[in-house]
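These notes are about the structure you will find just below.
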Amino acid sequence: MPYSSINRVVLVGRLTRDPELRSLPSGVSVCSLRIACNSSRRDADGEFAERPNFFDVSAFAATGESVSHYMRKGSRIAVDGRLEWREWETPDQQRRQAVSVVADTVQFLDSPGERSELGGQHSSGDLHAGQEGASEEGSAGELIGVGAGEEQDDLAF
């Protein structure tokens, strides 16, 4: 009997460093991000304390280029994507593994003015990546990436 599985992740947080854009040998661009998301937990005294969680995210092609172009350390960002597990062996023969997020869509949560204060140097209308089915506007609250068309509403939270 076939079964289906769900692998979706939605994160809202701030970038902990500037995005790093590079090209794969195939020529596809990939942007590496690190996002901090806070969660509240009760401490030993019964008081709520915030604790940060850190997530590694990869955004590919035009989505990654957009993030690299407009986002900086401290930028507020929302990511919708999927988890990806990978395993490798280090040069000293140790097996390593990691889980990271592959972004399908990215939403810039800062207004264009806030982005420029963080060091962004471009206005919100500069980007035209030409990726079919993607909204590539840079204004706050708009989606960037595959499947992020005009018909989608803001995130419901």
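End of the sequence shown = 151 in this note's numbering, gap-free, step of one.
C-beta: ideal position from N, C-alpha, C; glycine also.
Treat the numbers as computed from the prediction; the structure is a model and nothing was measured.
- In chain order, PHE42 and ALA43 place their CB closer than 8 Å to the CB of ARG36, counting only its own chain and leaving out the 5 sequence neighbours on each side.
- Within its own chain, the residues whose Cβ lies closer than 6 Å to the Cβ of GLU14, once the five positions on either side in sequence are excluded, are SER26, listed in chain order.
- Rounded to whole angstroms, the gap between the alpha carbons of TYR64 and ILE29 is 15 Å.
- For the pair of segments examined, the region 86 to 94 was found not to touch the region 10 to 24: the number of CB pairs separated by less than 8 Å stays below three.
- Here LYS67 has LEU9, ARG11 and ASP12 as same chain residues with Cβ atoms under 6 Å from its own Cβ, once five neighbours each way along the sequence are excluded.
- Closest by C-alpha distance to ILE71, out of PHE54, SER34 and GLN101, is GLN101.
- Assignment of VAL61 by DSSP, reduced to helix, strand and coil, places it in the helix class.
- DSSP places GLU108 in the helix class (H, G or I) of the three-state scheme.
- Assignment of ALA38 by DSSP, reduced to helix, strand and coil, places it in the coil class.
- A direct Cα-to-Cα measurement between SER62 and SER33 gives close to 26 Å.
- For ASN1, the CB contacts under 6 Å within the same chain, skipping 5 residues up- and downstream, are ARG76 and LEU77 in chain order.
- A distance below 8 Å separates the beta carbons of VAL24 and GLY58.
- Along the length of the region 54 to 98, whole beta strand (DSSP E) runs at least 3 residues long occupy 70 to 83, reported in chain order.
- Rounded to whole angstroms, the gap between the alpha carbons of ARG80 and PRO106 is 35 Å.
- ALA97 is positioned such that its CB atom lies no closer than 8 Å to that of SER60.
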